[in-house]
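With the working numbering applied, the sequence shown covers 12 to 166. Heads up, the beta-carbon is just placed ideally off N, CA and C, and yes, glycines get one too. Quantities reported herein were computed from a predicted structural model and do not represent experimental measurements.
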Amino acid sequence: MNSTDILKKYPENDSSVLIPILQDIQDNFGYLPEDELKKVSSFSKLPMSRIYGVATFYNQFRLQPLGKYVIRVCRGTACHVKGSFDLLQALEHELGIKAGQTTKDFNFTIETVACIGACSIAPVIAINDKFYGGLSVKSLRKILNQYRKSVEVEV
12 MNSTDILKKY PENDSSVLIP ILQDIQDNFG YLPEDELKKV SSFSKLPMSR
62 IYGVATFYNQ FRLQPLGKYV IRVCRGTACH VKGSFDLLQA LEHELGIKAG
112 QTTKDFNFTI ETVACIGACS IAPVIAINDK FYGGLSVKSL RKILNQYRKS
162 VEVEV
């Protein structure tokens, strides 16, 4: 589905449907591409600054595509106390990106979350939908290397 098909579902010049439009575009593309936001601006008669304001205010929206593997580092209290900050720093160092960024090859994205809900196995990360708990920097590197190898095999 392209953005033209998405926009057909909504009334023109109606700012009240901006969030559902952005949700549909992100569901379709995986993020909010700038070209698509320009089409939304033209369709809705809203300035780009307003659209970006909404897209950057709500945490659900992404302006950049996610990597194949999204690594979520829990920063909740239990995880923090048990060393999740060290895990985050190790990931950033290993991948050469900061939290909120995606590697240039689009294989990995690092995100931080307030709580994953697995406090009993802190510190915890999730890679896509798979959870890894009781981690150390050393065990984290082993897990990351497994994912790196799977990317190499696919190429």
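{"Query": "Straight-line gap, HIS91 to PRO134 (C-alpha atoms, nearest Å)", "Result": "7 Å"}
{"Query": "Helix, strand or coil at GLU23 [DSSP, three-state]", "Result": "coil"}
{"Query": "DSSP-derived helix/strand/coil call for ARG83", "Result": "strand"}
{"Query": "Whether ILE62 touches LEU48 by CB criterion (7 Å)", "Result": "yes"}
{"Query": "Assumed close pair ILE121, ILE154 - CB separation to whole angstroms, cut-off 8 Å", "Result": "Not quite, the Cβ-Cβ distance comes to about 14 Å (not below 8 Å), so this is no contact."}
{"Query": "For TYR143, the three-state DSSP class (helix, strand or coil)", "Result": "strand"}
{"Query": "C-beta atoms of LEU98 and VAL84 nearer than 7 Å", "Result": "yes"}
{"Query": "Whole-angstrom distance between PHE40 and PHE96, CA atom to CA atom", "Result": "31 Å"}
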